[in-house]
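Below: the structure, in structure tokens.
In the UniProt record's numbering, the protein residues as written are 1 to 138.
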């Protein structure tokens with residue numbers, strides 16, 4: 001009689017341990033898949049072939065986008081302008097599409113000083129590329 005009770009109890013115990021291990025494995029993969037989403041507005045992917053050529057001059061921020069040496073037309077391009085001494089004063093500038101992968105934004109409202117400009121590019125299939133540059137506004 002004891003054997004009849006002992007065998008199912010052992011089987012139940014082993015199956016519970018097995019489910020816990022599978023659950024931990026699933027959670028591990030889930031955390032790794034989302035580890036880059038810290039401070040992200042939305043889920044996004046990165047392209048390894050999108051090139052960004054940034055310029056600043058005449059109170060204008062500009063970026064030329066290319067993918068495999070061809071102009072890249074993005075869904076949205078924005079400049080995040082961060083003052084290193086006052087990150088609360090961050091300014092977001094929307095761009096105008098000038099065609100052939102070129103995007104510009106007016107920067108005449110920026111006060112003199114040093115800034116970090118983060119270029120955010122959104123494209124199809126949840127693409128979200130970003131890179132940063134430093135500028136000096138006089």
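Virtual Cβ for every residue (Gly too), placed ideally from N, Cα, C.
- Shortest Cα-Cα distance from residue 80 to any of 121, 138 and 125 involves 121.
- Residue 82 and residue 137 have their C-alpha atoms roughly 12 Å apart.
- Less than 8 Å divides the Cβ of residue 93 from the Cβ of residue 78.
- In this structure, the CA atom of residue 95 is about 21 Å from the CA atom of residue 88.
- Taking a C-beta distance under 8 Å as the contact criterion, residue 68 and residue 91 do not qualify as a contact pair.
- Taken through DSSP and simplified to helix, strand or coil, residue 90 comes out as strand.
- The beta-carbon distance between residue 55 and residue 101, rounded to whole angstroms, is 13 Å. This is too long to meet the 8 Å contact definition.
- Considering only 132, 72, 113 and 134, the residue with the shortest C-alpha distance to residue 123 is 72.
- The Cβ-Cβ distance between residue 135 and residue 63 does not fall below 8 Å.
- Take residue 53, set aside five residues on each side of it, and the residues of its chain with a beta-carbon closer than 6 Å to its own are 64, in chain order.
- Straight through space, the alpha carbons of residue 133 and residue 57 are spaced by roughly 13 Å.
- Under the 10 Å beta carbon count, residue 129 is surrounded by 16 or more other beta carbons and is classified as buried.
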